[in-house]
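*Asks:* In terms of our numbering, the sequence shown opens at residue 164 and continues consecutively. Here you go, one structure.
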Amino acid sequence: MILELRGSAPSAAETELLVVFAADQNTSKAKDAKPEIALLTSDSSVKQAASGVLGGDEFKAKANETLLLHRPQALEAARLLIVGVGKSAKATPHDLRKAAGTAARFAKARGIRSLTVLPPENFSQTDSIRAIAEGAIIADFDSDTYRTDRRDTSLASLAILTSQPANAAAETALREAAIVAESQNFARSLINEPSNRMTPTILGQRAAEVAAEFGLQCEVHGADKLRELKMGAFLGVAQGSDEPPALIVMRYEPAGASAQPVIGLVGKGITFDTGGLSLKPADSMEKMKYDMAGGATMIAAMRAIAQIKPSVRVICVVCATENMPSGKAQKPGDVQIAMSGKSIEVLNTDAEGRLVLADGLHYARQLGATHLINAATLTGAVSIALGQVNAGVFSNDEAAYGQFTKAVEKSGEKFWRLPVEDDYRDQIQSSIADIRNTGLTRYGGATNAAMFLKEFVEDTPWVHLDIAGTAWLDADKPWIARGPSGIGVRSVIEWACGYGEK
Ligand code: BES
Ligand code: ZN
Ligand code: ZN
């Protein structure tokens with residue numbers, strides 16, 4: 164997609180589709196309050212073109228509501244699309260990101276592949292540019308990769324109109340928005356692949372390709388190295404599969420960055436989770452191809468970090484394997500010794516994510532990580548707690564968590580904090596080993612998993628993202644296609660880059 168900032172008056176913009184935003188400015192909370200619709204522009208020709216239709220009941224400027232006008236008078240554009248952002252008093256750049264995405268998907272569905280967008284005047288120029296570019300690029304992704312009747316509806320160009328002369332801040336906002344959103348789509352493209360086309364080996368190859376393209380160091384290790392490192396927890400999961408595991412290590416080491424901090428990104432890369440001998444039911448087992456979403460999130464974040472170039476060291480560790488039942492598979496009750504030396508009673512082979520992460524987190528610390536973040540489709544329990552709206556976030560450190568809340572303010576992704584504290588420790592106590600890989604009870608399953616991970620981060624500041632309920636969208640939304648959501652990518656990038664700000 165060609166992205167451009169265009170210093171043109173809206174009336175003079177020659178385009179297939181001109182997009183403008185509208186809000187409801189009625190501040191009354193009464194249910195029957197009549198919307199007071201206002202276009203978020205002072206441009207008189209756009210106002211004139213829309214004037215006929217905004218007085219009636221056809222359009223209420225609700226969030227992501229659309230209204231299309233053909234051959235708008237007084238404009239060079241072939242069509243004018245008005246997109247609602249809801250109550251203007253509450254509208255944020257995140258509402259604008261969705262509204263821009265809605266416009267892009269509206270256009271794509273109608274075979275319109277070039278858009279020109281007029282930013283709303285009530286946001287800062289850089290906030291608008293970021294939100295519009297991210298929204299349109301994220302909206303451009305579709306998951307129908309293997310349909311032979313697939314039509315290419317990808318967007319050819321996005322122009323954002325600027326009234327202020329082009330400036331460095333605006334250009335940077337556009338460039339970074341493209342890096343971040345394209346990296347989110349990159350993660351989605353990895354997650355979307357079925358397990359026969361996304362084995363641990365292939366995931367490792369894709370990471371190596373990204374590293375070569377954007378100038379990162381990358382090593383992909385096999386089972387021999389896992390044995391050498393004594394990664395008993397990771398190996399225990401991998402031993403049931405005929406596909407070799409991959410330990411993916413990526414490094415971003417900018418010249419001139421101080422030795423510390425070292426930011427460690429760790430991802431769960433289960434390319435297919437059958438549950439192992441604690442086999443999952445057949446119903447929707449196919450979705451377990453997305454059990455490597457956390458790993459894809461971290462590879463994608465490295466892809467962005469390599470281009471944004473923050474002044475901070477970042478390493479990434481992804482533990483990739485299948486979780487399969489077989490004659491070689493680990494069995495319920497088996498005890499594995501993790502790389503850290505801790506012994507683990509494996510009561511349920513389906514709680515495999517925490518096992519591979521135990522060794523991934525420990526290894527990241529051994530490689531020098533001083534601040535850790537991990538992403539994983541870890542527990543069904545997180546969606547029992549939070550539904551499919553918020554992802555779970557856990558942390559053992561207020562400063563690292565504070566940095567994460569700042570990251571989320573920028574990314575607009577939805578996370579909700581859940582507890583990870585020592586009162587829950589008895590849930591993972593084993594009688595035969597140091598810890599067990601499932602809670603003693605079913606209650607608080609997402610926290611029990613977090614407590615397990617905490618054993619391996621010890622005192623290192625750490626943020627744990629449980630994205631099991633949010634990494635896959637079952638239905639289209641106006642601004643994003645169904646399939647892999649790419650949740651976490653934007654927040655992890657912001658979190659890591661935040662440590663590079665002086
Ligand atoms: N990959 C699953 C978690 C999951 C569930 C992801 C649904 C996406 C959607 C994980 O490995 C798992 O199976 N967890 C078990 C843990 C249990 C055995 C303690 C779960 O949540 O049921
Ligand atoms: Zn599992
Ligand atoms: Zn899993």
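Positions of the beta carbon are idealized from the N, C-alpha and C atoms, including for glycine.
1. Is it the case that the Cβ atoms of L439 and E515 are separated by a distance below 8 Å?
2. Using only the alpha-carbon positions, how far apart do W579 and S558 sit?
3. Give me the Cα-Cα distance between A539 and A370, rounded to the nearest whole angstrom.
4. Since T460 is in the alpha helix (DSSP H), which residue starts that stretch and which ends it?
5. With C-beta atoms as the reference, is I323 less than 8 Å away from A296?
6. Give every residue of the same chain whose Cβ lies closer than 6 Å to the Cβ of Q590, excluding the five residues on either side of it in the sequence, and list them in chain order.
7. For the stretch 392 to 404 against the stretch 449 to 460, do three or more pairs of beta-carbon atoms, one drawn from each stretch, fall closer than 8 Å, so that the two count as touching?
8. Rounded to whole angstroms, what's the CA-CA distance from R313 to D307? Just pull it up for me.
9. DSSP has F435 in a bridge; who is on the other side?
10. L238 and P173 look like a contact to me (Cβ under 8 Å); what is the Cβ gap, rounded to whole Å?
11. Compare the C-beta of I354 with all C-beta atoms of chain B and state if any pair is closer than 8 Å.
12. Run through the stretch 297 to 364 for me and flag every whole beta strand (DSSP E) of 3 or more residues, listed as ranges in chain order.
13. For E520, which of L616, I643 and S447 has the nearest alpha-carbon?
14. What are the uninterrupted segments assigned as alpha helix (DSSP H) that are 4 or more residues long and contained completely in the stretch 593 to 649, given in chain order?
15. Which residues mark the beginning and the end of the alpha helix (DSSP H) in which L524 is found?
16. I'd like to know whether the C-beta atoms of V412 and L524 end up nearer to each other than 8 Å.
17. Once you ignore the five residues that flank E284 on each side, which residues in its own chain have a CB closer than 8 Å to its CB?
18. Decide yes or no for the touch test of the stretch 241 to 255 against the stretch 215 to 231: beta carbon pairs closer than 8 Å, at least 3 of them.
19. Near A188, which residues of its chain fall below 6 Å by C-beta distance, leaving aside the five closest residues on each side in sequence?
20. When the Cα atoms are used, what is the spatial distance from M502 to K494?
21. Can you look up V209 in the DSSP assignment and give me helix, strand or coil?
*Replies:* The answer reads as follows:
1. Position 276 of the sequence shown, counting from 1, holds the residue named residue 439. Position 352 of the sequence shown, counting from 1, holds the residue named residue 515. Per the sequence presented here, residue 439 reads as Gly, with Leu not at that position. Yes.
2. As a first step, residue 579 must be located in the sequence shown, where it is residue number 416. As a first step, residue 558 must be located in the sequence shown, where it is residue number 395. Rounded to the nearest angstrom, the two C-alpha atoms are 11 Å apart.
3. Counting from 1 along the sequence shown, the entry for residue 539 is found at position 376. Counting from 1 along the sequence shown, the entry for residue 370 is found at position 207. Cα-Cα distance, rounded: 17 Å.
4. Counted from its first residue, the sequence shown places residue 460 at position 297. Element bounds for T460: A456 to I471.
5. As a working mapping, residue 323 is identified with position 160 in the sequence shown. As a working mapping, residue 296 is identified with position 133 in the sequence shown. Yes, Cβ-Cβ distance for I323 and A296 is below 8 Å.
6. Here residue 590 refers to the residue found at position 427 when the sequence shown is read from its first residue. Correct list, in chain order: G602, L603 and N611.
7. Contact check between the stretch 392 to 404 and the stretch 449 to 460: fewer than three CB pairs, one atom from each, fall below 8 Å, which does not count as touching.
8. To locate residue 313, count along the sequence shown from 1; it is residue 150. To locate residue 307, count along the sequence shown from 1; it is residue 144. Taking the straight line from one Cα to the other gives about 7 Å.
9. As a position in the sequence shown, residue 435 is number 272, starting the count at 1. E485, per the DSSP bridge assignment.
10. For the purposes of this step, residue 238 is identified with residue 75 of the sequence shown, where counting begins at 1. For the purposes of this step, residue 173 is identified with residue 10 of the sequence shown, where counting begins at 1. That belief holds up - the Cβ atoms of L238 and P173 are roughly 7 Å apart, short of 8 Å.
11. No chain B is part of this structure, which consists of one protein chain only.
12. 320 to 324
13. As a first step, residue 520 must be located in the sequence shown, where it is residue number 357. It should be pointed out that residue 520 corresponds to Leu in this sequence rather than to Glu. Residue L616 is the option with its Cα nearest to L520.
14. 608 to 620
15. Taking the first residue of the sequence shown as 1, we reach residue 524 at position 361. Unbroken alpha helix (DSSP H) run through L524: G516 to Q529.
16. For this step, residue 412 is matched to residue 249 along the sequence shown. For this step, residue 524 is matched to residue 361 along the sequence shown. V412 is not a Cβ neighbour of L524, given a cutoff of 8 Å.
17. For the purposes of this step, residue 284 is identified with residue 121 of the sequence shown, where counting begins at 1. The residues are L203, T204 and S205.
18. In short, these stretches touch, since the Cβ pair count reaches three.
19. Your numbering for residue 188 matches position 25 in the sequence shown. Checking the sequence shown, residue 188 turns out to be Gln, not Ala. So the qualifying residues of the chain are E199, A201 and S251.
20. Within the sequence shown, numbered from 1, the residue matching residue 502 stands at position 339. Within the sequence shown, numbered from 1, the residue matching residue 494 stands at position 331. Their backbone Cα atoms lie some 19 Å apart in a straight line.
21. Translated into the one-based positions of the sequence shown, residue 209 becomes position 46. V209 falls in the helix class under three-state DSSP.
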